[in-house]
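Colleague: This is the structure, below, for whatever I ask next.
Residue numbers (the working numbering): 14 to 121.
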């Protein structure tokens with residue numbers, strides 16, 4: 014990735030994607046947050062950055078009927094949303110906790 018903003022945006026996208034996937038998997042509360050946090054952490058780990066494969070495997074294991082095309086579409090939509098949620102000079106992010114998570118993961 015070309016810069017820290019791209020990495021932050023991907024981490025935030027994975028966090029949002031994890032929330033979407035967790036709902037499809039029937040996870041809620043702490044389990045859903047743990048799942049989405051794990052996907053967010055995977056964004057900074059080159060060996061675990063293939064979130065499509067991870068979600069595909071989890072969906073298949075749980076019997077969730079979603080195509081790869083649908084997952085990729087959601088990933089694209091959430092990347093746009095993540096970009097829109099990034100802090101700007103005009104104000105702070107709507108999901109400050111996810112951005113803080115992104116920055117914390119990048120500093121490790």
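Glycine is no exception: its CB is placed at the ideal position from the N, C-alpha and C atoms.
Please report the distance separating the alpha-carbon of residue 91 from that of residue 85.
Modeller: Taking the straight line from one Cα to the other gives about 10 angstroms.
Colleague: State the start and end residues of the unbroken alpha helix (DSSP H) segment that holds residue 36.
Modeller: Note, residue 36: alpha helix (DSSP H), 17 to 37.
Colleague: Using CA coordinates, which residue listed in 25, 78, 17 and 40 is at the minimum distance from residue 64?
Modeller: Checked all of 25, 78, 17 and 40; the closest Cα to residue 64 is 25.
Colleague: Span of the alpha helix (DSSP H) holding residue 64?
Modeller: From DSSP, the alpha helix (DSSP H) with residue 64 extends over 64 to 75.
Colleague: My output table needs one value for residue 40: the three-state DSSP class, helix, strand or coil.
Modeller: If DSSP states are grouped into helix, strand and coil, residue 40 belongs with coil.
Colleague: Among 79, 32 and 59, whose alpha-carbon lies nearest the alpha-carbon of residue 50?
Modeller: When only C-alpha atoms are compared, the closest one is 32.
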